[in-house]
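Notes to accompany the following structure.
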Amino acid sequence: MRHKKFISLLLLFALVFSIGIPVSARTPYANYYIQEKEGTAMPIPAAYETSTVIDFLSTETGKLNNPEDMFIDDDGKIYVADTGNNRIVVYDSDYSFLFEIRSDGTYEEGDLSALKEPKGVYVDPDDGAIIVADSGNARIVEFTKYGNLRYSYPTPQSEILSQNFSYQPLKVTKDSRGFMYVANNGDSNGIMQLNSNGEFVSYYGTNKVNLSFWESISRLLWSREDRLGTVVALPYTFTNIYCSDDGYMYATTTTETPPQVRKINIGGSDILYGSYDFRDNSIMSYSSYNQVFCDVTVDRYNNMLIVDRMYGRVYEYDERGNNLFAFGTRGTGYGQLSYPVSIETDHRGRVYVLNKTTGNITVYTPTEFADLVHEANQLYSQGKYEESKQIWEQVIEKSNYYTLALVNIGNILMREEENDAAIEYFYEAENAQYASEAFEEIRADFLREHFSTIVIVIVVLLIAWVVGVSVKRARRRKYGPPKERHNVFTVIRKFFKRITGIMRHPIDGFEGIRYENQGSYADMVIIMILYALVSVVSEYAVSFIYRDGTPLDVIEPVSTFFFAFLPWIVICIVNYGVTTIMYGEGRFRDVIIGGAYCHGPLLLLTLPLSLLTHILTQNEAGIYSIVRILLYFWTVLLVYFCIKGVHGFHPVKAFVVSILTVLGVAAVAILFFIVYGLAAQMFDFIIQFGKELSYLV
Numbered sequence: 050m051r052h053k054k055f056i057s058l059l060l061l062f063a064l065v066f067s068i069g070i071p072v073s074a075r076t077p078y079a080n081y082y083i084q085e086k087e088g089t090a091m092p093i094p095a096a097y098e099t100s101t102v103i104d105f106l107s108t109e110t111g112k113l114n115n116p117e118d119m120f121i122d123d124d125g126k127i128y129v130a131d132t133g134n135n136r137i138v139v140y141d142s143d144y145s146f147l148f149e150i151r152s153d154g155t156y157e158e159g160d161l162s163a164l165k166e167p168k169g170v171y172v173d174p175d176d177g178a179i180i181v182a183d184s185g186n187a188r189i190v191e192f193t194k195y196g197n198l199r200y201s202y203p204t205p206q207s208e209i210l211s212q213n214f215s216y217q218p219l220k221v222t223k224d225s226r227g228f229m230y231v232a233n234n235g236d237s238n239g240i241m242q243l244n245s246n247g248e249f250v251s252y253y254g255t256n257k258v259n260l261s262f263w264e265s266i267s268r269l270l271w272s273r274e275d276r277l278g279t280v281v282a283l284p285y286t287f288t289n290i291y292c293s294d295d296g297y298m299y300a301t302t303t304t305e306t307p308p309q310v311r312k313i314n315i316g317g318s319d320i321l322y323g324s325y326d327f328r329d330n331s332i333m334s335y336s337s338y339n340q341v342f343c344d345v346t347v348d349r350y351n352n353m354l355i356v357d358r359m360y361g362r363v364y365e366y367d368e369r370g371n372n373l374f375a376f377g378t379r380g381t382g383y384g385q386l387s388y389p390v391s392i393e394t395d396h397r398g399r400v401y402v403l404n405k406t407t408g409n410i411t412v413y414t415p416t417e418f419a420d421l422v423h424e425a426n427q428l429y430s431q432g433k434y435e436e437s438k439q440i441w442e443q444v445i446e447k448s449n450y451y452t453l454a455l456v457n458i459g460n461i462l463m464r465e466e467e468n469d470a471a472i473e474y475f476y477e478a479e480n481a482q483y484a485s486e487a488f489e490e491i492r493a494d495f496l497r498e499h500f501s502t503i504v505i506v507i508v509v510l511l512i513a514w515v516v517g518v519s520v521k522r523a524r525r526r527k528y529g530p531p532k533e534r535h536n537v538f539t540v541i542r543k544f545f546k547r548i549t550g551i552m553r554h555p556i557d558g559f560e561g562i563r564y565e566n567q568g569s570y571a572d573m574v575i576i577m578i579l580y581a582l583v584s585v586v587s588e589y590a591v592s593f594i595y596r597d598g599t600p601l602d603v604i605e606p607v608s609t610f611f612f613a614f615l616p617w618i619v620i621c622i623v624n625y626g627v628t629t630i631m632y633g634e635g636r637f638r639d640v641i642i643g644g645a646y647c648h649g650p651l652l653l654l655t656l657p658l659s660l661l662t663h664i665l666t667q668n669e670a671g672i673y674s675i676v677r678i679l680l681y682f683w684t685v686l687l688v689y690f691c692i693k694g695v696h697g698f699h700p701v702k703a704f705v706v707s708i709l710t711v712l713g714v715a716a717v718a719i720l721f722f723i724v725y726g727l728a729a730q731m732f733d734f735i736i737q738f739g740k741e742l743s744y745l746v
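Numbering (the numbering used here), first residue to last: 50 to 746.
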């Protein structure tokens, strides 16, 4: 599975960097979906193919000039806000010109039908009324379905609005109750809600102020006087809005951080995407320019489609927030997007993207693959699981690593109580959450079937242990302690006895290292090598569920092995330096040997804890976390007693030295990152300098 993904990522990488070069006659752009867990882009068969590009070059209509918005009604008619030409243009479903709304007069001269830089258009499904955000004239204007003037709604007046209120409507939409919603340029208060008479009612769905950690701290510490003169942090504004048939408001914002896109209920709260990060890691990992999500729409399946203006990408998400497809690229070639500003879909599932600079509309038609995904997802949402499963299997035949198909088939199998088969699909999907749920059912079935056998085995083992201990004690009383044999098992037993002795009696143990020369370099080396090996094996031994679905082949055993030594080396060196200043009695020998013995709990218990994860589900993650915390706490406690015992410190002084050691380690880490950064810059400078010299030669 992982090898397939690696190859796929290489192909995607090559495709992404070949912007403007068609990879096929039909899809001159990347086709992929984004995995939810890691945000990885996984290539898939083309979901949408370019069917046509509408150029509007006829002398009848004239070419579009910097259009800003588009709307498609239930009959397939296309309405375009041709901003640069101060008009609304209407085309039929075959892309033929029907009529335009424009006037030779001006609004200032009293011609209410005259438009000036219209930037938004919406069509009422009830009566076909054309509602326009007439930005240049600071108003909303409504026309009949034939283009005749009906109402003009000037700048709203209200005590709620501030005195310096500026009205420049960008986009407009309407809900089933007759309320109009306006995205006003630069208005950080939210979406404006107007009644059927165009009167202001309230603000709706206001964005939150995004503050950094330090900005939040400063606001807590600074007084009102201290904050005078500083930049005021305001909520991000809305750039586009869309009201779906089920009453939800979809909106894009100016923020580069979540939530870039919002799905807002009637109460003004996000219901799904409030904390969802829509940024595409496959783009942001190699580019310094942020994505700009400029428009959003909803298709016939209630899937949400958003368009990114910066990179010409279209993203489709289902109602549950799963990314279904991503496609498109920036460019002027056939099927590529030059400067997208608006996105719409029609009743046949086609996707229309309006390009501002080229003044055309690119039309994408769903492929068989997209139709299968849409149908399967729709059936699954409706609870028709068996029908959905059959289609999901067809999806996997076309793209065997399509995560949503794998997860949904797994969930369907769980409903059919085929948990063993279900968990295999979750493994393929690298989904630890659902794998945990399936494993919980498998474990419950196993316990129900074998509970009596398990109890009998436990009782027999307990009896055998008690009998064995009793016999051993009886023999010891009768014949005395057994004569010690000198063999490899005795050496191993004594080795671990020294480790457990210090774990149980740290004060005496560490004082013995300093004052009785207990411990040895051999013990130190063996302990640290075993600890490093245990660290590597433990990573492999952790169950799929507690690895959060991460494949085993991404583990780097060599790095894990050598990094296991790093904390021990740094802490020992820093501690010896601190204790030298603080008049500690310990030798460097005592510090490094004692430091090695501090790894006892991790050496002996890390691997058993990793193996324990194979019988635990995510519901018992608290047990695993508590045991790990106790394990590290035990280790830290041993470090404290090591500092106290080896150097002969008073408990309070040992605590102070421990804190100073921690600060010293932090200073070393900071220094390392500074040196590493400077070295990287120096290396880059040398490379660039060498390239310049090669050009001169």
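Even for Gly, the Cβ is constructed at its ideal location relative to N, Cα and C. Here the structure is a predicted model, which is why all the values come from computation and not from measurement.
Exposure label - residue i; buried when at least 16 CB within 10 Å
i, result
"Thr394", "buried"
"His535", "exposed"
"Asp175", "exposed"
"Asp733", "exposed"
"Arg497", "exposed"
"Asn566", "exposed"
"Ser73", "Here Ser73 scores only 40 on pLDDT, less than 50, and its place in the model is too uncertain to base an answer on."
"Ile209", "exposed"
Own chain partners of residue i with C-beta closer than 7 Å, once the 5 adjacent residues on each side are dropped
i, result
"Asp367", "Asn352, Leu373, Asn426"
"Ala613", "Tyr580, Ala581, Ser584"
"Thr204", "Ala187, Arg188, Tyr216"
"Gly587", "First, the amino acid is wrong: residue 587 is Ser here, not Gly. Excluding positions up to five away in sequence, the list reads Thr655, Leu656, Ser659."
"Pro616", "none"
"Ile320", "Lys312, Asn314"
"Ile641", "Met573, Cys621"
Cα-Cα separation, residue i to residue j
i, j, result
"Glu85", "Phe327", "10 Å"
"Asp494", "Leu462", "15 Å"
"Tyr193", "Tyr230", "The identity of residue 193 in the sequence shown is Thr, whereas the question assumes Tyr. If you take the alpha carbons of Thr193 and Tyr230, they lie about 19 Å apart."
"Tyr383", "Pro77", "7 Å"
"Gln730", "Lys702", "42 Å"
"Thr662", "Ala715", "32 Å"
"Val139", "Val102", "17 Å"
"Leu680", "Gly671", "14 Å"
"Leu354", "Gly398", "11 Å"
"Lys405", "Tyr360", "14 Å"
"Thr346", "Gly196", "24 Å"
"Asn238", "Gly185", "21 Å"
"Trp19", "Asp557", "Any property of residue 19 remains undetermined from this structure, which presents the chain solely from 50 to 746."
"Met298", "Leu601", "43 Å"
"Thr628", "Ile719", "21 Å"
"Gly598", "Tyr338", "31 Å"
Proximal residues to residue i (C-beta, below 8 Å), its chain only, five neighbours per side dropped
i, result
"Lys257", "Pro284"
"Leu243", "Ile189, Tyr202, Pro205, Phe228, Met229, Tyr230, Val231, Phe249, Val250"
"Lys755", "Only positions 50 to 746 of the chain appear in the structure, and residue 755 is not among them; the question remains open."
"Cys343", "Thr288, Asn289, Thr301, Val356, Asp357, Arg358, Pro389, Val390, Ser391"
"Asn135", "Arg151, Ala163, Leu164, Lys165, Glu166, Pro167, Gly185"
Proximal residues to residue i (C-beta, below 6 Å), its chain only, five neighbours per side dropped
i, result
"Gly88", "Asn330"
"Gly644", "Trp617, Cys621"
"Ser207", "Phe249"
"Ala95", "Thr76, Asn80, Thr416"
ask   = Three or more beta-carbon pairs under 8 Å between the stretch 162-169 and the stretch 217-237, yes or no?
value = yes
query = In the stretch 348-431, which residue ranges form an unbroken beta strand (DSSP E) of at least 3 residues, counting only runs that do not cross its ends?
reply = 353-357, 362-366, 372-377, 389-394, 400-404, 409-415
inquiry  = Quick check: the stretch 407-416 against the stretch 377-388, are at least 3 beta-carbon pairs closer than 8 Å?
reply    = yes
inquiry  = Assess contact between the stretch 644-656 and the stretch 573-590, defined as three or more Cβ pairs (one per stretch) separated by less than 8 Å. Is contact present?
reply    = yes
Every unbroken alpha helix (DSSP H) inside the stretch 628-687 [4 residues or more] = 637-646, 649-661
key: Cβ contact check for the stretch 590-603 and the stretch 676-696: 3 or more pairs under 8 Å   = no
inquiry  = Check whether the stretch 683-696 and the stretch 548-567 are in contact - that is, three or more C-beta pairs closer than 8 Å.
reply    = yes
ask   = Using 8 Å as the threshold, is the stretch 422-439 in touch with the stretch 114-123, meaning 3 or more CB pairs across them?
value = no
request  = Only counting runs of 3 or more residues, tell me where the beta strand (DSSP E) segments fall wholly within the stretch 164-207, in order along the chain.
outcome  = 167-172, 179-183, 188-192, 198-202
key: Cβ contact check for the stretch 515-524 and the stretch 633-642: 3 or more pairs under 8 Å   = no
request  = Please go through the stretch 421-493 and give each complete alpha helix (DSSP H) segment of 4 or more residues, from N-terminal end onward.
outcome  = 434-447, 452-464, 468-478
query = Are at least three pairs of beta-carbons, each pair with one atom in the stretch 427-439 and one in the stretch 120-133, less than 8 Å apart?
reply = no
Complete alpha helix (DSSP H) runs within the stretch 537-563 (minimum length 4 residues, chain order) = 537-553
In chain order, each beta strand (DSSP E) run of at least 3 residues that lies wholly inside the stretch 104-143 = 118-121, 127-131, 136-140
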